[in-house]
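Sequential numbering from 3 applies to the sequence shown in this note's numbering. Glycine included, C-beta positions come from ideal geometry on N, C-alpha and C. The model shown is predicted, which means the values in this text are computed figures rather than measured ones. Taking it in order: structure first as structure tokens, then the write-up.
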Amino acid sequence: MNKRSINLIGILTFFFVGTLNAGTQSIVNNISNFWDASENQMGAMVSIFYAGSLLVTLFMGEAAEKKGKKWGLCVSALALMLGAATIFMGGSLALVFAGLIICGFAYGGLESLIMSVVEDVNGSGARRVIGIMEIALGLGGVIAPAAVSFFLGSELYKPMYVVAIIAGLLLLVIYTRLKGIEPEHEKTEETAENTEKQGSSSILAALKNRTLCLSLVSIFIYLGVESTVTTWSVKLMTDQGFGHFGSMAISAYWFAVMICPYLSTKIPNYLKLFPYCFGLGGAAILVMVFAPIGWVKMVSMVAIGIMIGPSFANLTFLGGHSARENSAAAYSLLVFFGCLGSVLFQPVAAEIVRRTSAPELYFVLAALCVINAFIIGRCVKAYNAQEA
Numbered sequence: 003m004n005k006r007s008i009n010l011i012g013i014l015t016f017f018f019v020g021t022l023n024a025g026t027q028s029i030v031n032n033i034s035n036f037w038d039a040s041e042n043q044m045g046a047m048v049s050i051f052y053a054g055s056l057l058v059t060l061f062m063g064e065a066a067e068k069k070g071k072k073w074g075l076c077v078s079a080l081a082l083m084l085g086a087a088t089i090f091m092g093g094s095l096a097l098v099f100a101g102l103i104i105c106g107f108a109y110g111g112l113e114s115l116i117m118s119v120v121e122d123v124n125g126s127g128a129r130r131v132i133g134i135m136e137i138a139l140g141l142g143g144v145i146a147p148a149a150v151s152f153f154l155g156s157e158l159y160k161p162m163y164v165v166a167i168i169a170g171l172l173l174l175v176i177y178t179r180l181k182g183i184e185p186e187h188e189k190t191e192e193t194a195e196n197t198e199k200q201g202s203s204s205i206l207a208a209l210k211n212r213t214l215c216l217s218l219v220s221i222f223i224y225l226g227v228e229s230t231v232t233t234w235s236v237k238l239m240t241d242q243g244f245g246h247f248g249s250m251a252i253s254a255y256w257f258a259v260m261i262c263p264y265l266s267t268k269i270p271n272y273l274k275l276f277p278y279c280f281g282l283g284g285a286a287i288l289v290m291v292f293a294p295i296g297w298v299k300m301v302s303m304v305a306i307g308i309m310i311g312p313s314f315a316n317l318t319f320l321g322g323h324s325a326r327e328n329s330a331a332a333y334s335l336l337v338f339f340g341c342l343g344s345v346l347f348q349p350v351a352a353e354i355v356r357r358t359s360a361p362e363l364y365f366v367l368a369a370l371c372v373i374n375a376f377i378i379g380r381c382v383k384a385y386n387a388q389e390a
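Structural data, given as structure tokens:
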């Protein structure tokens, strides 16, 4: 299978990943309404979805280095079908939680392994391809919340998981036909020696890379902020009297994500601007909180997406390409830390909202954007030094 076909499969995979991610963020409100769940349970739904990704990524990255990435992608597609079927057929909130964690397995496996495959077949061109994949992810993110709002109202949720079962089946069929996805580069003698010294662990070998380690810290904060901004936007706008803008705000964010990651690859020296953009994302969060008009809040969500939306493509490239000798392990680590941020941020967010209010939560998120801007600056500096 040629490079172009593999890249197209990566784009399709990210479209489904974006649909699953944004769909989960928006559907938790419907699930909560259907089962009369509390705010803490609502936060736990998002956390457990990312916990599934958290549990599988390190295992999947290590296993894929040994059993093959095709095997890992097929297992992930099967997990998507199983998790969606569990939610669809489940007659209790507990089974919904079980299905969400299995869907999380699929999310983490699909996302990390397909990026690793793209890195292997594209080399330094992977940043551009991942940027295009982010467009597909953003498109899925735009479609899913809008579809939930338009077709499912405020309580239905099971039809979304029928779509997820079909998507999983389609991906499984495609992955079984994958060929030619072994890396073009060979592991260097130094990398092989490091891996052997660490007990044949590709993950421990990858963690020796400074750029990757900084990327892991940054993506932890970034995805924690992103998942919280989107998940709790409905709550924020409802409390401020703009509830009808809630799901549309999530779609507005993902609309920006659909466009900006690829555009960032076309801007000369974007990596120099990257830290400043993330800091401006914090300012956009504050505008969303204080804006007294609904459409201004929507525009603010677009601005947040423009400023921080390209972060995933750029951080994963910085970390994954810098440790390309162990690409499956590196990208699995990046997804692991990103999911860890999403998992840990949700219960904290729920507690902040419970004790204070939604606006106070967004003040914290704005501050974290400024902190992460400094970390991203150090990461870019380390990458440039490594590549020089």
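A distance below 6 angstroms between beta-carbons, with the five flanking residues on each side excluded, links Ala169 to the following residues of its chain, in chain order: Phe18. Segment contact: the stretch 134-145 against the stretch 5-19, three or more CB-CB distances shorter than 8 angstroms; contact assigned.
Judged by DSSP in its simplified three-state form, Tyr159 adopts coil rather than helix or strand. When only Cα atoms are considered, Ser220 and Thr240 end up about 30 angstroms apart. Rounded to the nearest whole angstrom, the C-alpha separation of Ala66 and Val58 is 11 angstroms. Rounded to whole angstroms, the Cβ separation of Thr318 and Leu336 is 5 angstroms, and the two are in contact under 8 angstroms.
Contact between the stretch 162-178 and the stretch 292-305 is absent: fewer than three C-beta pairs spanning the two stretches fall below 8 angstroms. When C-alpha distances from Arg179 are compared across Leu75, Arg357, Ala387, Met47, the shortest belongs to Leu75. Taking a C-beta distance under 8 angstroms as the contact criterion, Ala128 and His323 qualify as a contact pair. Cβ atoms of Phe338 and Leu56 come within 8 angstroms of each other, at about 6 angstroms. Taking each of Gly110, Ser253, Arg130 in turn and checking the Cα distance to Leu320, the smallest one comes out for Arg130.
In this structure the stretch 217-237 does not lie against the stretch 109-119, because fewer than three pairs of beta carbons, one per stretch, are closer than 8 angstroms. Shown here, Gly340 sits in a helix according to DSSP, grouped into three states.
Going by beta carbons, Leu216 and Ala332 fall outside the 8 angstroms limit.
The beta-carbon distance between Phe99 and Ser229, rounded to whole angstroms, is 17 angstroms. This is too long to meet the 8 angstroms contact definition. Beta-carbon to beta-carbon, Gly25 and Val150 are separated by about 7 angstroms, close enough to satisfy the 8 angstroms threshold.
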